[in-house]
Each structure stands twice: as structure tokens, then as C-alpha cells.
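Below: the structure, in C-alpha cells.
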Amino acid sequence: MGRGLTLLLAVAAIMFSGCGKDADTEKMVADTAKSYYDYLLEGRYDDYVAGIDGADSIPGSYREQLRDNVKMFLAQQRQSHKGIISFVVSDAEVDADGHTANAFLIVNYADSVSEQIVVPLVERGGVWKMR
-7 MGRGLTLLLA VAAIMFSGCG KDADTEKMVA DTAKSYYDYL LEGRYDDYVA
43 GIDGADSIPG SYREQLRDNV KMFLAQQRQS HKGIISFVVS DAEVDADGHT
93 ANAFLIVNYA DSVSEQIVVP LVERGGVWKM R
């Protein structure tokens, strides 16, 4: 009976250690997505664009267009909702391959409206980037 209990505890420890790794990765994914979107609120548009997968290999003129589009998006949100107050992590899911994920953020607007958005991410060389 002692061996059975020891085996059960060993299996449980392995299962929980695996769950912890997934939970850590999900937290990292969610925090990374939130950081990128917080850059918008801070006016750090170049940092937001740098968080897009492949942004480092596109022409500078296209990168500028992406930055301008982000500024226009925020201007539209100010017009539609009086602006964005915050982004809050709701959840995150890492795909079985471990290199793609979705982060779920709640967007809180100044007019008291909230909505959930999905931020798809991909892991490239140990860094999570928005797809």
C-alpha cells in the first residue's frame, strides 16, 4: 500500500509540474499581449508596431503606415467611446504546439463600455509577437 501511495504522489507531481509550465506560458502570453496594447495607451506606437510578427523585416515606409493606422484607430476610439481607459487580461490559451497562442483582453472605454478582444500571438525565437 505504501508503494501505491508513493506512485500516486509521483504521478500527481508530474501532472502538476506540467500544468504549472502551461500556466506560466499562458501568463507570459497574456502579459505580453497586454504590454503591447498598453504601449498604445502610452503613445508608444513604434513599440506596438515592433510587437507585430515580421515588423522588423518590412520596409520603413510600411512600418510608418502601420504606426499611422494605429494612431487613426485610437482617434476613432476617442470619437466613438471617448477613448480607451485600460486593457485588462481576461484569459490566454496556448496551442498544443506551444508556439501559437491567443490572449483575451478586456478593453475598457471611457464611456463605460467594455469589450473582449482576442490577440493572436506566435512565438519566434523565445519572443511572443502579435500575428
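Under this note's numbering, the letters of the sequence shown match residues -7 to 123, in that order. Cβ coordinates follow ideal geometry from the N, Cα and C atoms, glycine included. Every value quoted in this text rests on a predicted model; they were computed, and no experiment measured them.
If distances are taken between C-alpha atoms only, which option among Ala84, Leu32 and Ile50 comes closest to Met64? Leu32
Apart from the five residues just before and just after Phe96, which ones in its own chain have a Cβ nearer than 7 Å to its Cβ? Ser82, Asp83, Ala84, Gln108 and Val110
Please list, in chain order, all residues of the same chain as Asp45 whose beta carbon is under 7 Å from its beta carbon, the five residues on each side excluded. Val114, Arg116, Lys121, Met122 and Arg123
Going residue by residue through the region 18 to 72, where are the continuous alpha helix (DSSP H) segments of at least 4 residues, counting only ones entirely within it? 37 to 42
For Ser27 and Thr94, the rounded distance between their alpha carbons: According to the sequence as given, residue 94 is Asn; it is not Thr. If I take the Cα positions, the gap works out to 14 Å.
Report buried or exposed for Ser9, applying the criterion of at least 16 other Cβ atoms within 10 angstroms of its Cβ. A caution first: Ser9 carries a pLDDT of 39, below 50, which makes its placement in the model unreliable, though a value can still be read off. With fewer than 16 Cβ atoms within 10 Å of its Cβ, Ser9 is classed as exposed.
Indicate the three-state DSSP secondary structure (helix, strand or coil) for Asp87 in the structure shown. coil
Using 9 Å as the threshold, is the C-beta distance between Val80 and Arg59 below it? no
Cβ pair Tyr37, Gly75 closer than 9 Å: no
Using a Cβ-Cβ cutoff of less than 6 Å, which residues in the same chain neighbour Gly(-6) once the five nearest sequence positions on both sides are dropped? Residue placement at Gly(-6) is flagged as unreliable, the pLDDT there being 48, under the threshold of 50; the coordinate-derived value follows with that caveat. Cβ within range, chain order: n/a, list empty.
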